[in-house]
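K.L.:
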Amino acid sequence: MKQKTALITGATSGIGKATAIEFAKHNINLVLCGRRQERLDSLKKQLEDQVAVHTLTFDVRNREAVFKAIESLPETFKTIDVLINNAGNAHGLDTIQEGNLDDWDAMMDGNVKGLLYVSKALMPQMIERQSGHIINIGSSAGKEVYPKGNVYCASKHAVLAVTEGMRIDLNPYGIKVGAVNPGLVETEFSKVRFKGDAIADGVYKGFKALQAEDIAEIIYFVISRPLHVNIADLLVFPTAQANSVTVKKEL
Ligand code: NDP
Ligand code: 8X3
């Protein structure tokens, strides 16, 4: 069987990085994307004795940069079988009336529009080949809204709406589209959300949060189903978490 190639956005950290490592174990060639070039370089170095790896450095919010980066792919990496739209973050945790406009822009432009730009650049080739698999990393925050989550939750609700829309519109072409929606995963997510503030350290204390590797294994499971099976929507919590606000903590 032909070796597959996956393009993963947000591969410099957390879920994206763990997914790259998991895919490499399963002999999937990789196009790794992110803004932090040095992290991409070191991950490439780590994985390139297992699979072929190419890196693309761009900000998903920059429309021109997205298309330029994808057009620049060398011939051997041009055919993308699997797209993992993972890049994204929360910025801030504030009531709507206290929300910061730059935080709102970062979330809507990155989590929603960035995902759209990358998909727009890659869908034509999948349509032409009548095959491909797109996984959008949503969140439990895309299924419920929690206090002060307002705009982040809105961005992840939008990811789920876009996922459903993509699945409908790409249905005639045999392209699989689905969302993987985690609850609390211990990554750099909270450091980014709280801008490095010490409050971030407390988020995963007192319970066993999901680890990036847990989500990576689930993503591999999703992409390794037989051709006729498409996991459309998957919600996963740590055992200690029942919903966005109910977490059994032992402090
Ligand atoms: P991390 O902060 O560890 O990783 C985020 C990744 O996204 C980094 O690789 C970062 O790369 C990339 N990224 C962020 N903004 C941009 C941008 N504008 N352009 C390009 N790349 C960008 O967090 P996670 O691994 O936890 O987050 C990954 C995804 O999972 C996100 O979509 C998040 O919303 C989602 N998620 C996370 C959960 C959690 O609890 N951690 C739960 C549910 C969903 P770089 O900075 O190098 O550009
Ligand atoms: C990340 C999970 O609960 O911090 O999407 O929003 S949460």
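Quick note on numbering: the numbering used here labels position 213 of the sequence shown as 213, and the sequence is numbered without any gaps. By construction, the Cβ of each residue, glycine as well, lies at the ideal position given by its N, Cα and C atoms. Everything numeric in this text was worked out from a predicted model, so none of it was measured.
Give every residue of the same chain whose Cβ lies closer than 8 angstroms to the Cβ of leucine 234, excluding the five residues on either side of it in the sequence, and list them in chain order.
P.N.:
Gly178, Ala179, Val180, Asn181, Ile218, Val222
K.L.:
Tell me the DSSP secondary structure of glutamate 213 in three-state form.
P.N.:
Residue state, collapsed to three classes: helix.
K.L.:
Contact defined as beta carbons within less than 8 angstroms: I believe asparagine 136 pairs with leucine 115. What is the distance between those atoms, to the nearest angstrom?
P.N.:
6 angstroms
K.L.:
Can you tell me the Cα-Cα spacing of threonine 163 and glutamine 37, whole angstroms?
P.N.:
29 angstroms
K.L.:
From valine 151 to phenylalanine 189, what distance separates their C-alpha atoms?
P.N.:
16 angstroms
K.L.:
Let me check you understand the geometry: is the CB of phenylalanine 23 closer than 7 angstroms to at least one non-hydrogen atom of ligand 2?
P.N.:
no
K.L.:
Should serine 13 be counted as a contact of ligand 1 given a C-beta to heavy atom distance under 7 angstroms?
P.N.:
Shortest gap from the CB of serine 13 to any heavy atom of ligand 1: under 7 angstroms.
K.L.:
Select from Asn230, Ile28, Ser13, Ile175 the residue whose C-alpha is nearest the C-alpha of lysine 4.
P.N.:
Ile28
K.L.:
Does the beta-carbon of arginine 225 have 16 or more other beta-carbons within 10 angstroms, so that it is buried, or is it exposed?
P.N.:
exposed
K.L.:
Measuring CB to CB, does threonine 9 end up less than 8 angstroms from asparagine 111?
P.N.:
no
K.L.:
Any contact between the stretch 205 to 213 and the stretch 236 to 245? By contact I mean 3 or more CB pairs, one from each, below 8 angstroms.
P.N.:
yes
K.L.:
Give me the Cα-Cα distance between leucine 43 and alanine 232, rounded to the nearest whole angstrom.
P.N.:
29 angstroms
K.L.:
Using 7 angstroms as the cut-off, classify the Cβ of tyrosine 152 as near or not near the heavy atoms of ligand 2, replying yes or no.
P.N.:
yes
K.L.:
Quick one: what's got a C-beta closer than 8 angstroms to alanine 200's C-beta in the same chain, skipping five residues either side?
P.N.:
Ser190, Lys191, Arg193, Phe194
K.L.:
Measure the alpha-carbon distance for aspartate 254 versus cysteine 33 and round it to whole angstroms.
P.N.:
Residue coverage of the chain in this structure runs from 1 to 251, which leaves residue 254 outside it and unanswerable.
K.L.:
Note the first and the last residue of the continuous beta strand (DSSP E) segment covering isoleucine 134.
P.N.:
Element bounds for isoleucine 134: 133 to 137.
K.L.:
Assess contact between the stretch 242 to 251 and the stretch 46 to 59, defined as three or more Cβ pairs (one per stretch) separated by less than 8 angstroms. Is contact present?
P.N.:
no
K.L.:
Considering only the alpha carbon of each residue, which of Gln125, Glu71, Ala106 lies closest to aspartate 81?
P.N.:
Gln125
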